[in-house]
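Asker: Okay, handing you the structure first.
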Amino acid sequence: MADWNKRWDVLVAGGGNAALCAAIAARREGRSVLVVEAAPKFYRGGNTRHTRNMRCAHDAATETLSGPYGEAEFFDDLMLVTAGNTDERLARLMIRESKAMLDWIQEQGVRFQPSLGGTLSLGRTNSFFLGGGRSMLNSLYRTAERLGVVVAYGAEVTRLDIEDGVFRSATVTTPEGEHRIVATNFVAASGGFEANLEWLKEGWGDKADNFLIRGTPYNKGTIIRMLLEAGVEQIGDPTQCHAVAIDARAPKFDGGIITRLDCVVFGIVVNRDGARFYDEGEDIWPKRYAIWGRLVAAQPDQIAYIIFDSPSLEKFMPSLFPPVMAGSTGELADKLGLDRQALQETVATFNAAVEGGRPFDHTTLDGNRTRGLEIDKTNWAQPIETAPFYAYPVRPGITFTYLGVRVNEQARMKMADGRPAPNMFAAGEIMAGNVLGQGYAAGIGMTIGSVFGRIAGQEAARNA
C-alpha cells in the first residue's frame, strides 16, 4: 500500500518495461521508489505485455542468439529504417549500452529462450523472452517488489506541479480519491498517446477512425501533454509511429501480437480497388514490417488485403483469425467484396511478370522478382496460381507514437529553452522519438525502454 504522505526519492509514472527498469535501477542505488500505474493490476505493463523480444548488440553467439550482432551493424540497421532521422548521439549511446543490457535484464529475473527460427529472421539479432512479454514483465515486478519498490495500481497521474522546470509533486486519481505525491525526482515512463483517438485525428484526420490500437487502451498521452505545457521540449512528429498491418478483424484496442501478420513477402498486397500499391519484397521483413501500417493508412478506407496461395499457407505465423479461403481468385474477390475482374487482372499480370529460378529464401534478398510492372516486387516473387487461394484483410495497427519529450544522455528531460530539467527524467515510448524519428526495426522499442529506463533510474537516484 502506498504511503501518500511520504516524500519519495523517485516517483515513476508508468508500469511497463521502461518504468520497471527505472524503478529497479533507482532502488538498487538505495533510493525510495514509488511506481504509479494507471491500469489495474491485471492490465499492468502497457505495451510490454504484448512484446516478444528485444534487439541488443553482442559480439558473439550465445545460448539464445545464433551469431554476433555488432554495434556498427546495429547502427547501420537503425540508420536504414529511420532514413537517418535520429539523434545520433543518443542512438549510439543506446546501442552501446544495449550490450550490457542482455546480462543486466537477466539479473533482474528475465529469461530468454533459444534463438528463434522461422520467417522472422531474428535468431541472430534479437533475444526472445521465455514466456513472452507478460512473463518478462512479471519477472521485473517480482524483482522490484522484492527490492522494496512500492507499486500503486489504478493510479492515474492527472496533474503535475512543475515550477520553472523543477518537478514538485504529482496528483494521482485512484478509485479511493485524489492523492498528492511529493518526490525529489520524477521519471516519466508512461507511454505514447496512441490510445487517444482525438489526438491521433489531430495528425491523421478522419483516417484515424479506421486505425486499430494494438496495445493498451491506457496510453492516452496525458503526461506528455502536461510536460509540454510545462515547458519541456517536444520531440517527434505527431504522425510518426510504430504502425504495422494487422488483421482487420482485430479488436479496437489490446489485440496485441496475435493480430499481426507476417505474410506480406509470400504474396501480394492490394487495396480496396484490387490494385497493388507497394513493393512487397523491398527488404528483409524485420526491417520493413513496420512500414505497412502507414502504407495501408494511405489507401482508400484504410483497408488492404494480403493475397497468397496454398504453398505459402504454413510458411508464416498466422493471425488469431483464419484467412479467407476460395477456390479461385474470382471467388476470393467476391468473398472480400472486391471487384472480381480487377483482382483477377492484378494477379494474372503479376504472375506473368515473375522472373524466378532461385531457391526461395525468406532470410535473404533472393532476387526472385517481377519485371515490367508499374510497381515491381523485387524479392520473393512467386506466381500465385495454386488453389486454394487465401487472403487476410488488414488495417493500420498502431503500436506506439513517437511524439514525446526530448532528453539528453542522462535521460534527463530538456526544457524548450535548452536547459536540462533539474529533476525530471524520461524513458520508453514517451521519449522514443529521440531515437526513432521514423521507421522501426523489430525489438528496438524494448531496447529504448530498457536502456533509457536503467539510465533514468540511476541518474534519478544519484540526483536524490
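Note that the sequence shown covers residues 60 to 523 in the working numbering.
Cβ coordinates follow ideal geometry from the N, Cα and C atoms, glycine included.
Report yes or no: do the segment 442-452 and the segment 319-330 share at least 3 C-beta pairs separated by less than 8 Å?
Answerer: Verdict: yes, contact present.
Asker: Mapping DSSP to helix, strand and coil, what is residue 485?
Answerer: Here residue 485 is taken as the residue at index 426 of the sequence shown, counted from 1. Residue state, collapsed to three classes: strand.
Asker: Taking the straight line between their C-alpha atoms, what separation do you get for residue 295 and residue 248?
Answerer: The residue given as residue 295 occupies position 236 in the sequence shown. The residue given as residue 248 occupies position 189 in the sequence shown. Cα to Cα, residue 295 sits roughly 16 Å from residue 248.
Asker: Tell me, to the nearest whole angstrom, how far the beta carbon of residue 182 is from that of residue 111; I am working on the premise that it is less than 8 Å.
Answerer: Looking up residue 182 in the sequence shown gives position 123. Looking up residue 111 in the sequence shown gives position 52. About 13 Å separates the two Cβ atoms, so there is no contact after all.
Asker: Exposed or buried, what is residue 381 when buried is set at 16 or more other beta-carbons lying within 10 Å of its beta-carbon?
Answerer: The sequence position of residue 381 within the sequence shown is 322, counting from 1. Burial call: exposed.
Asker: How big is the Cα-Cα spacing for residue 76 and residue 370?
Answerer: Here residue 76 corresponds to residue number 17 of the sequence shown, with the count starting at 1. Here residue 370 corresponds to residue number 311 of the sequence shown, with the count starting at 1. Going from the Cα of residue 76 to the Cα of residue 370 covers about 39 Å.
Asker: Jot down the residue ranges of each uninterrupted alpha helix (DSSP H) in the segment 240-281, minimum 4 residues, whole runs only, in chain order.
Answerer: DSSP runs (the alpha helix (DSSP H)) wholly in the segment 240-281: 256-263.
Asker: Since I believe residue 164 is in contact with residue 134 (beta carbons under 8 Å), could you give me their beta-carbon distance rounded to a whole number of angstroms?
Answerer: Translated into positions along the sequence shown, residue 134 becomes position 75. Translated into positions along the sequence shown, residue 164 becomes position 105. Incorrect: roughly 21 Å between the Cβ atoms, too far for contact.
Asker: Assign residue 101 to one of two classes, buried (16 or more other C-beta atoms within 10 Å of its C-beta) or exposed (fewer than that).
Answerer: Numbered from its first residue, the sequence shown carries residue 101 at position 42. Exposed, by the Cβ-count rule.
Asker: What did DSSP end up calling residue 283 once you bin it into helix, strand or coil?
Answerer: Counting from 1 along the sequence shown, the entry for residue 283 is found at position 224. Residue 283: helix per DSSP, three-state reduction.
Asker: Pick from 494, 483, 66, 495: whose alpha carbon is nearest that of residue 516?
Answerer: Along the sequence shown, read from residue 1 onward, the residue named residue 516 stands at position 457. Ranking the options by Cα distance to residue 516, first place goes to 483.
Asker: My parser needs the alpha helix (DSSP H) runs of 4 or more residues fully inside the segment 102-145; what are they?
Answerer: Fully enclosed alpha helix (DSSP H) runs of 4 or longer: 130-141.
Asker: For a quick check, are the C-beta atoms of residue 491 and residue 456 less than 8 Å apart?
Answerer: The count along the sequence shown starts at 1 and reaches residue 491 at position 432. The count along the sequence shown starts at 1 and reaches residue 456 at position 397. Not a contact, by the Cβ cut-off of 8 Å.
Asker: Can residue 254 and residue 272 be called in contact, C-beta distance under 8 Å?
Answerer: If you number the sequence shown from 1, residue 254 lands on position 195. If you number the sequence shown from 1, residue 272 lands on position 213. Yes, Cβ-Cβ distance for residue 254 and residue 272 is below 8 Å.
Asker: Under 8 Å by Cβ, that's how I've got residue 378 and residue 317 pegged, so tell me the actual separation to the nearest angstrom.
Answerer: Along the sequence shown, one-based indexing puts residue 378 at 319. Along the sequence shown, one-based indexing puts residue 317 at 258. With 8 Å as the limit, residue 378 and residue 317 qualify as a contact, their Cβ atoms being about 7 Å apart.
Asker: Tell me which residue opens and which closes the alpha helix (DSSP H) that residue 393 is part of.
Answerer: The sequence position of residue 393 within the sequence shown is 334, counting from 1. Looking at the DSSP string, the run of the alpha helix (DSSP H) that includes residue 393 is 388-395.
Asker: DSSP on residue 442, reduced to helix/strand/coil?
Answerer: Taking the sequence shown and counting its residues from 1, one reaches residue 442 at position 383. Correct three-state label for residue 442: coil.
Asker: Taking the alpha carbon of residue 173 as the point to measure from, which residue in 121, 162, 205 has its own alpha carbon closest?
Answerer: In the sequence shown, residue 173 corresponds to position 114, counting from 1. Selected option, being the one with the closest Cα: 121.
Asker: What span of residues does the beta strand (DSSP E) with residue 509 cover, start to end?
Answerer: Within the sequence shown, residue 509 is the residue found at index 450, counting from 1. No beta strand (DSSP E) contains residue 509, which is instead part of the alpha helix (DSSP H) from 503-522.
Asker: Mapping the DSSP letters down to three states, classify residue 322 as helix, strand or coil.
Answerer: For this step, residue 322 is matched to residue 263 along the sequence shown. Coil, per DSSP.
Asker: Please list the terminal residues of the continuous beta strand (DSSP E) segment that includes residue 82.
Answerer: Position 23 of the sequence shown, counted from the first residue, corresponds to residue 82. Looking at the DSSP string, residue 82 is not in any beta strand (DSSP E); the run it does join, the alpha helix (DSSP H), is 76-87.
Asker: For a test of the three-state rule: what should DSSP assign to residue 67, helix, strand or coil?
Answerer: By one-based count along the sequence shown, residue 67 stands at place 8. Of the three classes helix, strand and coil, the one that applies to residue 67 here is strand, per DSSP.
Asker: Among residues of its own chain, excluding the 5 on either side of residue 419, which ones have a beta-carbon nearer than 8 Å to its beta-carbon?
Answerer: Your numbering for residue 419 matches position 360 in the sequence shown. Hits under 8 Å: 425, 427, 439, 441.
Asker: Between 159, 315, 186, which has its C-alpha nearest residue 303's C-alpha?
Answerer: Taking the first residue of the sequence shown as 1, we reach residue 303 at position 244. Per the Cα distances, 315.
Asker: Quick one: what's residue 312 bridged to in DSSP?
Answerer: Taking the sequence shown and counting its residues from 1, the one referred to as residue 312 is at position 253. Paired residue(s): 272.
Asker: Within its chain, find whatever has a CB closer than 6 Å to the CB of residue 12; leave out the 5 residues flanking it on each side and keep chain order.
Answerer: The structure shown has nothing for residue 12, since the chain only spans 60 to 523.
Asker: I need the DSSP call for residue 374, collapsed to helix, strand or coil.
Answerer: As a working mapping, residue 374 is identified with position 315 in the sequence shown. The answer is coil: DSSP assigns residue 374 none of H, G, I, E or B.
Asker: Considering only the beta carbon of each residue, do residue 116 and residue 158 sit closer than 8 Å?
Answerer: Position 57 of the sequence shown holds residue 116. Position 99 of the sequence shown holds residue 158. Yes, the pair counts as a contact, with Cβ atoms nearer than the cut-off.
Asker: Considering only residues of the same chain and omitting the five flanking positions on each side of residue 170, which have a CB-CB separation below 6 Å?
Answerer: Counted from its first residue, the sequence shown places residue 170 at position 111. Only 189 meet the Cβ criterion.
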